[in-house]
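See structure below.
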Amino acid sequence: MTELVVTAATDGGEVLADAARVGNKFARQEVLRRAGFRVPEFFCLPAAAFDQALDALRPSLPAGPADGADRAEVESWCAAAREALVGARLPVALADRIRKEFAAVAGPEGLVAVRACVVPVDVAAGAADTPETDASDAAEAIGEDSAVDPFAGMSDSFLYVDEDGLEDAVLGCWASAFNPQAVRYRTLRGLDPLRARVAVGVQRMVLGTRSFVAFTRDPRDGAVLRVVAAAYGIGEGVVQEKADIDHFFHDPATDEVTARTVRKQWSMGLPEGAAAGSPVLLPVAAELAEVPVLDDGQVREVAELAARVEELFGVPQDIEGALTEDGVVHLLQARPLVTAPPTAGTGPAAGTATATATATATPTATAATEDPGNDRVYWGNHNITESFPGVSGALTFSQSREFYRRSFADLYRRMGVPESWVRDNAHRLARMVGYLEGQVYYRLDDWHALHGQMPMFELVRRGWEQAMGITGPARGERRWAAPAVALALPRLAWRSALHPWQVKSFLRWWDRQMAEAETVGDSPEELIAFYRRLWERAGERWGVTLVNAFIALVVLGAGSVLLRRWTGEGPQVLVGLMGGGRENRSLEAVRAAMGLAELVGAVPELRAAVLDDASDPEQLWQQIVEGHHGAAVGDAARGYVARYGDRALHDLKLEEPTPRQRPWTVLALIRPLVRQGATVAASRADEQAAARKARERLREVLPNPARRAVLLGVTSLARDLARIREDTRFCRTQLFGLSRDVMWRLGAELARTGVLDDALDVADLTVEEVIGAFDGTGTVTDLRALVALRRTQRERWARNPQRPALLGTPAGLPLARALPRASAVGRAAAADDGLLRGIGSSGGVVRGRAKVVLDPSTDPDLAAGRILVARETDPGWLFLMMSATGMVVERGTLLSHTAITGRLLGVPTVVAVPGAVTAIPDGAWIEIDGAAGTVRLLPPSEQPEEPDIPDPAVAAVGTAPADGPVPTDGTSPTDGTAGTEKGDRT
């Protein structure tokens, strides 16, 4: 027997969560109720009750229109059906039953909301996937509140309904299946109006004093921005836009709330003195007219509620709710967010035929960037400019493209993405990076699509997007529901357990490759064979380094959550705890340079020559390595180049030389260290002191020893992962260094044989063009002409203004046509009373003059005693960083190279400060707080007095120059080192 009234107590889980019987609206409410959300009690009359009522009336209705009947006939029959339903009475047994359930839900004197929901036809419940189901049947799976079409306003709802009005409200809901607007809309959408079926939900009326509609995406452009529209009174005032509405915007990446409020005059509610009836407009109390409907805390609570609903269903959501007088938030409805108008014939989307949130083998939603209707391709270089700043040559781009293609294919295989899927998406792997007039950019739609195949990616999506500088409509959609992510956790745990062993294996393998490189001969055949072997092997192993980055984001996220939950502190404590530990290979390079500087400084004649700008560096270097200034210095110099010669500014750009090709450039790198008297021992002591200070701070804010041990364990793991990141980044530097060496040697042979004019002309050829010139696979014989063309193009691009870090181009056009139509994405940074905000990544407070560096080839001496301000940095900036007393960088995260290096060097550092290089003038006095993540432009009243005549002799022995940093504790330097020692920082 078909049950005509279904409650949570009588359902047994069979009906209430089945959208094909009760509609998407009520099925989702049942799923939300079972998941623990505060959903008011309700019961349903499934569509079967509507069927019985309509069948009973059919004898009194006109004959149904024949197939192919014109619109007028259809609308006439629907109007008759509507009239008949409105004038009907419920069977006595059914009327008695709903009154009984009314009392159980609302009490004898209570009020309910009675709502209609058009359900999909029966075929949508299961047969829609069978071969026998035709397209029209599949289309019928689009019911009210479906994922692709909300049918907003098509059926009726009745509020403030008492027991006496219950029967009429149910009949009114049934009749609304044939409302004129609903009939016309279904016709427009290519759906049969005669097949409409309605379920009715009867729900306890929440007497809200404030109500809201919230979206987990900006409905204007799909950006990941939670939008809340709220008004006084009940939700009809918001939905029907009859009340005065405040709008609030919550950015989940920053937790920032902004508001656009209005003067409130009208709300909607029950007429004063009435016990039941239709809502009306009511005046807002004068004292509330200028008060925001929600405070920031309530906006965040609503935004978090919407996000939890999205997590449950796996797709962006549009929710409705109310706050009662006691401030409690109640969830009334949830539906998939529709950000684009539906088109006729749109088929069912994931989650349309069923509202249950289940773990599936495929993503639950498709990213907005993959939507065929999306007319923009988004590009970003926020993160990649660390490696490929400015304009790069064809050689560099072709090598970077190969690196991303091979290494990420290995990542996806390691993370469990099926090999067949990786092969089928080779086109995406091949274009992970693009070449936009010489600048290397990520093509973000492909990154979203590729990363989206890993359920575990949902754990780190927010942190990853922040690291990539992705904001606004360039953000991707969530692809996996929470249960699917949970099912993937065991694989991640197993991968994490194996990770340390796999990293050790990777590093041993890499050191063998470096040793093999020493044995390679000079012939083109040997060089090409070595290059091919190297990259083939790297493609099978480099995914380990990317797995490390993935695990690190998970661990950092967990540590931040625990820290905030247990102490209320921000990430600055976590940042400090990540200091110390075993040295990584990047830091070894820095301290090897320090050690060389110490040896140079110990020889007065050599020290003077290194600091003398008039010295010939090439000649001086030759004297050093030949032992003219002592065997110890000569051995250290040769050893530095042998071990660390690939580390330099722009060391992934193959057109740029490194100390391996120009060893005398090491002298420019160590000059500021020699001048400062930097020592390895002092560097290590500073690092350990910072780590001790962080642990002491943790004891203050977290006295519970058990929790402190847990947090220390998490940060120890994060520190190890950060060390691995820098180790493997150094290996990447060496990988590109070996490639540079091969390509330059091949270029020398091409120049020797007259194919090119100069060995470095290979900078304007691709890797395959260089190799093809030797192995017979090249398609261009006049390489000179090709080089000339590309060089002219590259030089022209270098003169162009820098493009935005995040931009969109029209889809479907050749890039040469799309790029002139590019538009920037995201908000520009703005200083507020001289304060800029970013991510504090290395603690301490320091004041000093800013040194804005746009060209990393800047002499490190010019950054000495200054606070370095840059768009981005890469490992080759280490010597500039070591000269500086603080760092402010537009890009980066807690795990970026800048952040890690700042912690290791004990230099206060703030990363991810948008617009820093334009907001901070070169030479301006600023104060940075590396823990709070703030940068303040100092007013004249706070700037220290400067001596009229700076003493260069004093500066030469290590005292702060006149424009150097000052302590922030009110003291003054009292000796020759106080101005530049790390101890100045509080």
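Numbering (the working numbering), first residue to last: 414 to 1399.
Just so you know, even glycine gets a beta-carbon here, dropped at the ideal spot from N, CA and C.
The structure displayed is predicted, hence computed values, not measured ones.
With burial defined as no fewer than 16 other Cβ atoms inside 10 Å of the residue's Cβ, what is the status of residue i: buried or exposed?
{"i": "residue 981", "result": "exposed"}
{"i": "residue 740", "result": "exposed"}
{"i": "residue 837", "result": "exposed"}
{"i": "residue 1065", "result": "buried"}
{"i": "residue 484", "result": "exposed"}
{"i": "residue 858", "result": "buried"}
{"i": "residue 708", "result": "exposed"}
{"i": "residue 918", "result": "exposed"}
{"i": "residue 997", "result": "buried"}
{"i": "residue 811", "result": "buried"}
Looking only at its own chain, which residues have a Cβ that is under 7 Å from the Cβ of residue i, when we skip the five neighbours before and after it?
{"i": "residue 620", "result": "737"}
{"i": "residue 1028", "result": "1022"}
{"i": "residue 385", "result": "No information on residue 385 is available, as it lies outside the stretch 414 to 1399 that the chain covers here."}
{"i": "residue 682", "result": "646, 647, 692, 695"}
{"i": "residue 901", "result": "868, 869"}
{"i": "residue 1127", "result": "968, 971, 972, 975"}
{"i": "residue 817", "result": "845, 846"}
Could you pull out every residue in the same chain whose Cβ sits closer than 8 Å to the Cβ of residue i, ignoring the five residues on either side in sequence?
{"i": "residue 668", "result": "713"}
{"i": "residue 841", "result": "859, 862, 863"}
For residue i, tell me which candidate among the options has the shortest Cα-Cα distance.
{"i": "residue 731", "options": "742, 725, 719, 870", "result": "719"}
{"i": "residue 929", "options": "455, 434, 1151", "result": "1151"}
{"i": "residue 1296", "options": "976, 1236, 1003", "result": "1003"}
{"i": "residue 971", "options": "937, 958, 876", "result": "876"}
{"i": "residue 1079", "options": "1293, 1188, 435", "result": "1293"}
{"i": "residue 1038", "options": "1025, 1019, 1024, 997", "result": "1019"}
{"i": "residue 1345", "options": "1332, 1338, 1252, 1266", "result": "1252"}
{"i": "residue 696", "options": "949, 680, 687", "result": "680"}
{"i": "residue 1008", "options": "1084, 946, 592, 894", "result": "1084"}
{"i": "residue 618", "options": "1198, 1222, 522", "result": "522"}
{"i": "residue 1200", "options": "640, 1046, 1183, 968", "result": "1183"}
{"i": "residue 1484", "options": "891, 885, 702", "result": "Residue 1484 is absent from the structure shown; the chain starts at 414 and stops at 1399."}
Report the partner residues of residue i according to the DSSP bridge assignment.
{"i": "residue 681", "result": "646, 694"}
{"i": "residue 661", "result": "641, 672"}
{"i": "residue 628", "result": "640, 731"}
{"i": "residue 749", "result": "730"}
{"i": "residue 571", "result": "527"}
In whole angstroms, what separates the C-alpha of residue i from that of residue j?
{"i": "residue 1129", "j": "residue 924", "result": "26 Å"}
{"i": "residue 1145", "j": "residue 953", "result": "14 Å"}
{"i": "residue 1280", "j": "residue 935", "result": "45 Å"}
{"i": "residue 873", "j": "residue 1155", "result": "38 Å"}
{"i": "residue 834", "j": "residue 711", "result": "43 Å"}
{"i": "residue 568", "j": "residue 530", "result": "7 Å"}
{"i": "residue 806", "j": "residue 908", "result": "37 Å"}
{"i": "residue 644", "j": "residue 656", "result": "6 Å"}
{"i": "residue 1103", "j": "residue 898", "result": "37 Å"}
{"i": "residue 1348", "j": "residue 1355", "result": "14 Å"}
{"i": "residue 636", "j": "residue 626", "result": "17 Å"}
{"i": "residue 975", "j": "residue 646", "result": "38 Å"}
{"i": "residue 1235", "j": "residue 853", "result": "15 Å"}
{"i": "residue 1005", "j": "residue 1035", "result": "19 Å"}
{"i": "residue 1401", "j": "residue 882", "result": "Coverage of the chain is limited to positions 414 through 1399, which leaves residue 1401 absent and any answer about it impossible."}
{"i": "residue 612", "j": "residue 418", "result": "10 Å"}
{"i": "residue 880", "j": "residue 1014", "result": "40 Å"}
{"i": "residue 1180", "j": "residue 864", "result": "27 Å"}
{"i": "residue 820", "j": "residue 430", "result": "44 Å"}
{"i": "residue 690", "j": "residue 1226", "result": "57 Å"}
{"i": "residue 585", "j": "residue 831", "result": "52 Å"}
{"i": "residue 987", "j": "residue 808", "result": "40 Å"}
{"i": "residue 446", "j": "residue 1149", "result": "55 Å"}
{"i": "residue 459", "j": "residue 1119", "result": "53 Å"}
Between residue i and the rest of its own chain, which residues show a CB-CB distance below 6 Å, the 5 nearest in sequence each way excluded?
{"i": "residue 933", "result": "939, 943"}
{"i": "residue 1054", "result": "1072, 1076"}
{"i": "residue 1170", "result": "none"}
{"i": "residue 1141", "result": "958"}
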